[in-house]
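Numbering (the working numbering), first residue to last: 47 to 175. Have a look at the structure below, then the notes.
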């Protein structure tokens, strides 16, 4: 493993709560907890830590957005199925003679889409990185 990655991971494992997504703050924190004489090495480690935490925050944000979208989708499906059930019962109530002939299908047919879901896009994007 690369020296920058190794050192960054060691520092993050011990002091993860002190770092954030701001480079200059991370550099200041690194100065407080370590003794690194090389300015370039210090900047690279602070930059790597910042990049890792930004990626993690972005991933968490996308994950939360996917969860919210899935909940909305499930709510829409439930409301559609309830609406279909009420329409079918109204039709049956309005025409009592043909009530025996009406067959109620409670499960809607699944819609197959060729578009990628948001979850698939994120997985593809993370694999490309």
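Every residue gets a Cβ at the ideal spot worked out from N, C-alpha and C, and that includes glycine.
Rounded C-alpha distance that separates residue i from residue j
| i | j | result |
| --- | --- | --- |
| residue 131 | residue 111 | 30 Å |
| residue 66 | residue 133 | 54 Å |
| residue 84 | residue 118 | 51 Å |
| residue 58 | residue 73 | 13 Å |
| residue 68 | residue 97 | 9 Å |
| residue 64 | residue 109 | 24 Å |
Minimum Cβ-Cβ distance from residue i to chain B less than 9 Å
| i | result |
| --- | --- |
| residue 54 | Note that chain B does not occur in the displayed structure, where there is just one protein chain. |
Buried or exposed by the 16-neighbour rule on C-beta atoms within 10 Å, applied to residue i
| i | result |
| --- | --- |
| residue 148 | Caution applies to residue 148, whose pLDDT of 49 falls short of 50 and renders its modelled position unreliable; the value that the coordinates give is listed next. Its Cβ having fewer than 16 others within 10 Å, residue 148 is exposed. |
| residue 92 | buried |
| residue 53 | buried |
| residue 113 | exposed |
Residues near residue i in its chain [Cβ-Cβ closer than 8 Å; skip 5 each side]
| i | result |
| --- | --- |
| residue 94 | 50, 51, 54 |
Proximal residues to residue i (C-beta, below 7 Å), its chain only, five neighbours per side dropped
| i | result |
| --- | --- |
| residue 62 | none |
Rounded Cβ spacing between residue i and residue j (contact assumed at less than 8 Å)
| i | j | result |
| --- | --- | --- |
| residue 79 | residue 88 | Actually they do not touch by this definition, with Cβ atoms about 12 Å apart. |
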